[in-house]
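Just below is one structure, and these are the notes that go with it.
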Amino acid sequence: MTETTTIFDGADPAEESAGRRLAAARGAAGLTPAQLARRLGVRTRTLHDWEAGRSEPRANRLSMLAGMLGVSPTWLLTGRGEGPAAPVAREELALLQADLREVEHLQGALATAMARVKSRVARLEQQLAVEAD
Numbered sequence: 004m005t006e007t008t009t010i011f012d013g014a015d016p017a018e019e020s021a022g023r024r025l026a027a028a029r030g031a032a033g034l035t036p037a038q039l040a041r042r043l044g045v046r047t048r049t050l051h052d053w054e055a056g057r058s059e060p061r062a063n064r065l066s067m068l069a070g071m072l073g074v075s076p077t078w079l080l081t082g083r084g085e086g087p088a089a090p091v092a093r094e095e096l097a098l099l100q101a102d103l104r105e106v107e108h109l110q111g112a113l114a115t116a117m118a119r120v121k122s123r124v125a126r127l128e129q130q131l132a133v134e135a136d
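Here you go:
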């Protein structure tokens with residue numbers, strides 16, 4: 004039986020398979036197989052087959068996958084190039100986003116308090132001006 008050439012050929016055998024990289028990138032993106040399949044317009048079974056190495060996406064789907072998962076097509080094929088962000092970076096991003104939301108909330112509360120104080124100062128200034136006349 005002759006071996007057929009696929010778009011995943013050329014990957015370093017010491018590295019994970021292209022299907023495993025696809026599954027890892029999907030997981031790093033926080034997507035379920037059903038969610039990614041729906042976004043790609045393919046059946047969930049098709050995505051499972053790609054991840055298991057039973058079949059592979061066409062070039063146009065590979066490009067779409069890379070874009071949706073934030074990785075390079077080369078990384079999906081060979082493991083070289085830009086892969087998914089490290090989990091630590093994602094956790095750090097989530098923490099920074101939470102800090103930003105808190106600071107924005109505090110900024111809003113401070114602006115409200117400042118407006119109240121300015122209003123009271125203005126009233127007192129007017130009251131003192133009237134009394135001085």
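For the sequence shown, the residue numbers in the working numbering are 4 to 136. Note that the Cβ used here is the ideal one computed from N, Cα and C, for glycine as well.
Practice problem: Assign Ala116 to buried or exposed, taking buried as 16 or more other Cβ atoms, counted over all protein chains shown, within 10 Å of its Cβ. | Solution: exposed
Practice problem: Tell me where the alpha helix (DSSP H) around Pro76 begins and ends. | Solution: 76-81
Quiz item: With 16 as the cutoff for other CB atoms within 10 Å, does Gly22 come out buried or exposed?
Solution: buried
Quiz item: Just reading off the alpha helix (DSSP H) that Arg46 is part of, what are its end residues?
Solution: Arg46 -> no alpha helix (DSSP H), and no H or E assigned at all.
Practice problem: Please report the Cβ distance between Gly73 and Ala32, rounded to the nearest whole angstrom; I am assuming they are in contact, meaning their Cβ atoms lie under 8 angstroms. | Solution: 7 angstroms
Practice problem: Kindly indicate which residue of Gly44, Glu54, Thr77, Val124 has the alpha-carbon position closest to the one of Gly30. | Solution: Glu54
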